[in-house]
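Residue numbers (our numbering): 27 to 106.
Written out as structure tokens, the structure reads:
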């Protein structure tokens, strides 16, 4: 048996060796969530085209901060 036949002797049907980025075929840093199968570099390039929007962490924690209406004190239940 030659070296090439021994090196690629087992099938890659499962595990990390079987998956790669659908854009650049890179195997490391793969994002598999929502069946994306993109490496992290390609995801950063294509995220806006796919429809992902970056959300500010601060705005996500305080939902009433961007809403019009009562002041922050009144929203927390403080009395005038």
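All C-beta atoms in this analysis are idealised placements derived from N, C-alpha and C, irrespective of residue type, glycine included.
| field | Contact check, residue 64 vs residue 49, beta carbons under 8 Å | value | Cβ atoms of residue 64 and residue 49: closer than 8 Å.
| query | If you follow the alpha helix (DSSP H) that residue 66 is part of, which residue opens it and which one closes it? | reply | Where residue 66 is concerned, the enclosing alpha helix (DSSP H) stretches over 66-76.
| query | If residue 66 and residue 57 are in contact, beta carbons under 8 Å, what's the gap, nearest whole angstrom? | reply | Residue 57 and residue 66 do touch by the CB rule: their CB atoms are close to 6 Å apart, below 8 Å.
| said: Taking a contact to mean a Cβ-Cβ separation below 8 Å, would you say residue 51 touches residue 42 in this structure? | reply: Between residue 51 and residue 42, the gap from beta carbon to beta carbon reaches 8 Å or more.
| query | Hey, quick one: how far does the alpha helix (DSSP H) through residue 31 stretch, first residue to last? | reply | For residue 31, the enclosing alpha helix (DSSP H) has its first and last residue at 29-33.
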